[in-house]
Each structure stands twice: as C-alpha cells, then as structure tokens.
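Enquirer: Numbering (numbering that gives the first Met the number 0), first residue to last: 0 to 248.
No residue lacks a Cβ here, since even glycine has one placed at the ideal position from N, Cα and C.
Sharing a structure here in structure tokens format.
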Amino acid sequence: MTAIKDQAICLSTRKYSESSQVVTLFGREHGKIKALAKGSRRPKSRFGGGIEPLTCGNVIFSPASAEASLSSLIEFDLTESFAGLRNNLLTLHCAQYAGFLLGEFTEELDPHEELFDSFCDCLENWQGTDRPGELLLWFILTLLEKIGLGIQWQRCSACSRELPTRRRLYFSSSVGGLICPDCEPAVIEKKYIDPVILEIFRDPSRVSSAKSNQVVDALDLLNYHLREQLGKEPKIMIFTNQLLRQQLR
Ligand SMILES: [Zn+2]
C-alpha cells in the first residue's frame with residue numbers, strides 16, 4: 000500500500016458510519032481525493048474528532064485500488080481552519096459553493112496546483128471581506144479557465160468573428176460563450192447579456208468598482224452557465240444566490 004503525502008483542503012464530508020466519514024479533499028499536488036477516514040468521528044481519533052469542510056491540513060492517504068473503490072485517509076493534520084468564514088452566513092455559503100464547484104468540475108487525482116492556490120487565497124480573503132460575491136465571481140472565472148472552459152468575451156464562440164457593438168448579445172452555454180447576431184437565431188439555448196455585465200467580464204478589474212447588484216447579475220450569468228454544464232441546479236447554488244440577493248435589499 001503506497002502512502003502519499005499532500006497538502007489538502009476538505010471540500011465536503013459525509014457520515015459513513017457512527018465512527019467514520021467519507022471526505023472529499025482537494026490536494027495541492029493530487030487534485031480531488033475521495034477518501035474514507037476510518038474512525039475519524041471518534042473523539043480520540045488521530046483526526047481529532049472529525050474533519051471539517053473548508054479546513055486545510057497535511058494529509059497522508061493511500062489511493063483507491065482494485066480492492067478499494069475509495070482512497071483511504073491515514074492522516075489529516077490540521078494546519079488552517081479559516082475560522083473567520085463561519086462568522087457570516089453569506090461568506091460561508093460563497094466558500095461552500097466554490098468548494099462544491101471545485102469538486103464537481105475536477106476529476107479525481109487530476110492535479111490543479113493553481114486552482115488549489117486560488118481556492119486557498121479565496122478562503123483566506125473571504126474571512127475579511129464584506130463583498131464575498133466579488134471573490135466568488137473571481138473564483139468561478141478562474142475555475143472555468145483552469146479546467147479548459149474559459150469564456151471568450153470578445154468574439155462569437157460559434158463563428159469566431161468579432162462581436163458588434165451596440166447590438167443585443169446573447170450567451171450560450173452549449174456554444175461556450177457569446178454569440179453574434181448572425182449566429183444567434185440558430186441557437187435555442189441562450190441568455191441575454193446586459194452590456195454593463197459584459198464589460199465586467201471583459202475587464203475583471205472592474206469588479207472591485209462594480210455595484211453589488213452588478214456583481215450578483217454577473218454571477219447569475221455564470222450560474223446559468225454552470226447549471227447548464229452540470230445539468231442540474233444544486234441547492235448550494237440556490238441558497239448562495241438567495242443570500243446574495245437578500246443582501247442587496
Ligand atoms: Zn457568430
């Protein structure tokens with residue numbers, strides 16, 4: 000049995016038995032790891048009574064094999080608990096949603112070091128911001144880019160021609176970006192994109208000066224895209240969006 004060391008963030012946990020958890024981790028060098036943490040829920044276990052989502056630690060695991068469908072977590076030595084995330088419901092939801100997306104859009108044992116670092120930076124920065132939606136927007140754009148689903152905002156994703164100005168433009172998830180007025184009639188699945196929101200996507204440095212409702216509208220478009228890609232509307236997406244909208248009132 001090979002034991003592998005990595006630094007990992009816990010994305011989610013579920014109870015496996017009275018004493019054990021199945022954890023989804025995201026390792027810096029190994030990407031997503033689904034592992035059984037045997038005995039982790041025992042108060043005196045080597046995992047300190049259970050592994051919490053959105054905490055980071057040094058891990059040792061043995062990967063899944065022909066005999067075991069799950070990796071086996073041998074050690075999770077907590078290094079950072081990002082305690083500040085839990086002081087604010089909206090911040091916590093934004094972080095959980097980002098973690099959920101990271102788990103959904105990456106494959107097991109497919110390393111994405113930059114994504115790991117970006118997610119760590121976000122968890123750190125979410126603790127001290129009153130505009131968590133901004134960071135969420137930034138993280139989703141980074142995620143899409145790093146997994147090869149980056150969106151081209153300047154050209155038509157169907158015919159590659161430059162997009163006209165002062166025309167109604169649509170975004171299509173199945174096409175993978177914006178569509179020009181010539182291509183648009185043939186595309187059924189599409190969503191209108193507000194020019195102000197498009198400017199934010201074209202120049203993400205505008206996010207910090209954007210109004211909160213514009214950030215939420217920009218997130219709406221990305222959520223639409225993610226929903227289409229996932230083929231479902233996850234609860235965490237719905238709750239996070241509701242909390243972001245409530246904050247605008
Ligand atoms: Zn076109």
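For the segment 128 to 193, which segments carrying the beta strand (DSSP E) assignment without a break, of at least 3 residues, lie completely within its bounds, in sequence order?
Expert: 168 to 171, 176 to 178, 190 to 192
Enquirer: How do the segment 177 to 190 and the segment 152 to 161 stand: do at least 3 beta-carbon pairs fall below 8 Å, yes or no?
Expert: yes
Enquirer: Ignore the nearest five residues each way along the sequence and tell me which others in Asn124's own chain have a CB closer than 7 Å to its CB.
Expert: Leaving aside the five residues that flank Asn124 on each side, the residues in its chain whose CB is nearer than 7 Å to its CB run, in chain order, Leu134.
Enquirer: In three-state DSSP terms, what is Ser16?
Expert: coil
Enquirer: Ordered along the chain, which non-local residues of its own chain (more than five positions away) have a Cβ less than 7 Å from that of Tyr191?
Expert: Arg167, Tyr169
Enquirer: Using a Cβ-based criterion (distance less than 7 Å to any ligand heavy atom), does Ala157 qualify as near ligand 1?
Expert: yes
Enquirer: So Leu136 and Ala217 are supposed to be a Cβ contact under 8 Å. How far apart are they, rounded?
Expert: 6 Å
Enquirer: Would you check if the distance between the CB atom of Arg13 and the CB atom of Gln20 is smaller than 8 Å?
Expert: yes
Enquirer: When burial is assigned at 16 or more other CB atoms within 10 Å of the CB, is Gln6 buried or exposed?
Expert: Around the beta carbon of Gln6, 16 or more other beta carbons sit within 10 angstroms, so the residue counts as buried.
Enquirer: Tell me whether Arg166, by its Cβ, gets closer than 7 Å to a heavy atom of ligand 1.
Expert: no
Enquirer: So, does the segment 105 to 123 touch the segment 23 to 40, judging by three or more C-beta pairs under 8 Å?
Expert: In short, these stretches touch, since the Cβ pair count reaches three.
Enquirer: With a 10 Å radius around its C-beta and 16 neighbouring C-beta atoms as the bar for buried, classify Ser171 as buried or exposed.
Expert: buried
Enquirer: Grab the span of the beta strand (DSSP E) containing Asn57 for me, first residue to last.
Expert: That run of the beta strand (DSSP E) goes 55 to 61.
Enquirer: Suppose you measure from the CA of Phe118 to the CA of Glu66; what does that come to, to the nearest Å?
Expert: 32 Å
Enquirer: Would Leu72 pass as a contact of Phe81 if the rule is Cβ separation under 8 Å?
Expert: no
Enquirer: Quick check on this structure: which residue in Gln126, Glu144, Gly147, Gly102 has the alpha carbon closest to the alpha carbon of Cys9?
Expert: Gly102
Enquirer: With a 10 Å radius around its C-beta and 16 neighbouring C-beta atoms as the bar for buried, classify Leu24 as buried or exposed.
Expert: Its Cβ being crowded by 16 or more others within 10 Å, Leu24 is buried.
Enquirer: From this set, Leu247, Arg248, Leu243, which residue's C-alpha is nearest Ala94's C-alpha?
Expert: Leu243
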